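Protein chains in written order, with the UniProt record's numbering: chain W, 1 to 737; chain L, 1 to 190.
Even glycine gets a Cβ: it sits at the ideal position worked out from N, Cα and C.
Keep in mind that this is a model prediction, so the values were computed, not measured.
Report on one structure; see the data block that follows.
Here's what the structure looks like:
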């Protein structure tokens, strides 16, 4: 075996003296089935497959069998498409269909031909949608005219360079595949024609005897008249699903105007047709030609039969860049479930108003991750949010024109001003031209993009951008000081400038702590922490929650302060400030979280100190190394300055159960949550959140009381922390094993 | 089904030649989900034979670990490529012993950290590495061919505390040689 010079030699020294062991000198295992199971193929080309009868037209000369075969193809397409969405390559899934690879062959079979056209059009639309979301070109390629936008284009290009190969890149790979065929743009009218024919056939077979004479000239779908109605319905729901799904994708590309409303209607129709498809399963299975199916979980058709005309190995040479491997298709049932979920997630996007405020948009991208949207849904979320952002970054000088309509009457700076609770007039301030302020806008766009990604990738990127947000704070501070020092302006102008700077700086700090918290919380969702590490994680969360509450409260108070000063005379203002001051509900909610985090940190610390459980010990390193690794990005961002392993150790070293019970954290959390119900009465999401936190606090309070009473733990008693009520705050339970 | 045996009957051996290679390959092919070609095995065992270990019970190879180490983005890092123990021999600490031996060699060779990937569903492996001090540094979306996510596990070795005593002494010696006239305590404090 030849080794590159400079590398260590094999154990026996020079390769020329290698043992003459035939096993050791095996021929290269390039064709090893285990390694390259996808390369072994039945046919070496599509034409060879066709010549050997792999994709007959018609599928069967018996019309009933022909229809059964077509339905099987339709079902198998669904399974292939779902597998493609879930990470399979297009070449090995949807385009493993020979009929799709040779579109001209199916022209004599109206049903199959129109179905293949709509499949191709759908795949093409999806590839475009995901590709556009990936490259942010959606508004640049659809005829948008933007004046003086070079800096933004440069920014997006730098984003492209920064982003590494991701799942979207594999999804959109379609080397050499006929994604578009002539006439595909007419797919809807063709499928509509087939729909009409089927409706007439269905009407004919279900008409009363008196009407049958009138409908005699309508040729039935297949030859067994007693099965005609069920076969018609089975085909109808499948082609209607495809029709509506294609409409969903096209409507989502135009979210302005009635686009989203129409998309919602088609989503409802899609879901209804999927239900109808499930209802046809029993009929198709009982009337299939292939008999009973051994493994229900593996069948890719409702009937259980193998479909005609598919060969996943045909495109092995175009399934780049990975070597061809055999893939497992999702079953038909799982494919239907996948589309039900996808449509649900797309429905959530459609239900969201296109013109939200910043906090609303942030909450939208964060909350929608609860549904764990797959790639296609996430691509649409990202496009939707990017559209929203691009609509806001135009200002009076830069006109945003799309399809002849004028958009964008606000700037991104205006979005920031609104989020920072500045008065309306602040959005026109010249400070927006400052380079650091513009960079802040770019950071905001990056944050949105990151929040649209899958949670694993999202967490890694949140950790990386944290430092950028810290740096921008420092840059803004310096820039504002310079502007303040240089500007020769009136006291009123100075006062406004001071207010703008203060609000923006506080808002930047608030967002930075929000990002850090999201980074930590996602660790629970991704199951990155072991129970031994919960104490240090909750310690950090506790610190950040305090900072977040501080900044949020300060932002709100500053804003209230400004409004009161405007409307009141000085003496009235001073009287009002202390009177009946209510901590804003959003800050109270954070206070509630603070108590829960503190309680968990203290409970875990007590268990470590008194019962010697959940200790971070190992033969090769200590808790210090684990702390350093988990929180490296937070430490690098110096967020906050004094947080370190030593401050954590000092905090938890002397905590005992007696200390914890004195603090009464969980009880305080419960009280706040109860009081807040009124404050969030019109917000069902917040009410649901309050209920979850109350349950966590209640159960933990009970567990804590029990642990305090028990003192030392018997060996048969086990304490565990699970996320049964809330995804980020654990619930303790003490059980006998 | 677990086999009855005494753990003292298990012999551990460092990889010592081509005769061990088919034993490793058979074990890994049999027990692990990802397929590897012979080139992959040779890459590891030829370049880092001292990081691969085998476990034998009465002459039968029942477990193996295959690793490498090298520079990765300015960090000298060990990597655990494969760890496998026959099903009937699991739960008796053989895997822990195999991995621990490799990690010790990595530590002695100057590695700053050790890393590996494991399927998120592999509870046994995650528990084993967790006990050894590995953290779950990242989650890798759909990392494996079967679409399952993976955790990137990392073990950071303690960094030696910088020893300032010698450097203080040498600064004091230097300034005495140069005779700068400053009192010793002021020379030390920078």
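Around the C-beta of residue 720 of chain W, are 16 or more other C-beta atoms found within 10 angstroms, so that it is buried, or is it exposed?
exposed
Buried or exposed, going by whether 16 or more other CB atoms sit within 10 Å of the CB of residue 162 of chain W?
With a pLDDT of 42 at residue 162 of chain W, under the threshold of 50, the modelled position of that residue is not reliable, and no figure is offered here.
To be precise: take each residue of the region 529-554 of chain W, compare its Cβ to all Cβ atoms of chain L, and keep it if any distance is under 9 Å. Which residues remain?
529, 530, 532, 533
Between the beta-carbon of residue 67 of chain W and the beta-carbon of residue 310 of chain W, is there less than 7 Å?
no
Residue 648 of chain W to residue 121 of chain L span [Cα, whole Å]
31 Å
Per-residue burial, residue 465 of chain W [other beta carbons within 10 Å of its own, 16 or more giving buried]
buried
Going by CA-CA distance only, name the one from W:677, W:449, W:175, W:639 that's closest to residue 512 of chain W.
W:639
Determine, using beta carbons only, whether residue 190 of chain L comes closer than 7 Å to chain W.
Legend: pLDDT at residue 190 of chain L = 34, less than 50; position of this residue unreliable, no value from coordinates given.
Would you say residue 737 of chain W faces chain L, with C-beta separation under 7 Å as the test?
no
Would you say residue 626 of chain W lies against chain L (beta-carbon separation less than 7 Å)?
yes
Taking the alpha-carbon of residue 265 of chain W as reference, which of W:632, W:278, W:714, W:249 has the nearest alpha-carbon?
W:249
Delimiting residues of the alpha helix (DSSP H) encompassing residue 113 of chain L:
Segment 113-119 is the beta strand (DSSP E) holding residue 113 of chain L; no alpha helix (DSSP H) there.
Would you mind sorting residue 491 of chain W into buried or exposed? The rule is 16 or more other CB atoms within 10 Å of its CB.
exposed
What are the residues of the region 449-467 of chain W that lie near chain L, defined by any Cβ-Cβ distance shorter than 7 Å?
454, 456, 457, 460
Using the beta-carbon of each residue, which ones in chain W are nearer than 8 Å to residue 147 of chain L?
86, 87
Relative to chain W, which residues along the region 129-162 of chain L have a C-beta separation below 9 Å, given in chain order?
130, 131, 132, 133, 134, 135, 136, 137, 138, 139, 140, 141, 142, 145, 146, 147, 149, 151, 154, 155, 156, 157, 158, 159
Distance, Cα to Cα, residue 261 of chain W vs residue 424 of chain W?
31 Å
Pair within 7 Å by beta-carbon distance, residue 463 of chain W and residue 628 of chain W
no
Under 7 Å between C-beta atoms, does residue 103 of chain L make it to chain W?
yes
For residue 508 of chain W, which residues from the same chain have a beta carbon less than 6 Å from its beta carbon, with the 5 sequence-adjacent residues on both sides left out?
473
Proximal chain W residues relative to residue 100 of chain L, where beta-carbon distance stays under 9 Å
619, 620
Alpha carbon to alpha carbon, how far is residue 204 of chain W from residue 218 of chain W?
7 Å
For residue 555 of chain W, is the classification buried or exposed, using 16 other Cβ atoms within 10 angstroms of its Cβ as the cut-off for buried?
buried
Would you mind giving the Cβ-Cβ distance between residue 61 of chain L and residue 51 of chain L, rounded to the nearest angstrom? I have them listed as a contact below 8 Å.
17 Å between Cβ atoms; not a contact.
So which residues of chain W does residue 107 of chain L contact, with C-beta pairs closer than 9 Å?
620
With distance defined between alpha-carbon atoms, name the residue in L:137, L:161, L:117 nearest to residue 148 of chain L.
L:117
Neighbour flag for residue 494 of chain W against chain L, beta carbons, 7 Å
no
Where residue 748 of chain W and residue 683 of chain W are concerned, what is the direct C-alpha to C-alpha distance, given to the nearest angstrom?
No answer is possible for residue 748 of chain W: the residues shown for chain W start at 1 and end at 737.
Residue 526 of chain W at chain L interface by Cβ criterion, 7 Å:
yes
Output yes or no for whether 7 Å exceeds the beta carbon distance between residue 673 of chain W and residue 694 of chain W.
yes
How about residue 630 of chain W: is its C-beta nearer than 7 Å to some C-beta of chain L?
yes
Other residues of its chain near residue 95 of chain W: CB distance less than 7 Å, five sequence neighbours each side excluded:
101, 177, 315
The region 415-422 of chain W / the region 498-507 of chain W touching (three or more Cβ pairs under 8 Å):
yes
Inspect the beta-carbon positions of residue 235 of chain W and residue 187 of chain W and report whether they are closer than 7 Å.
no
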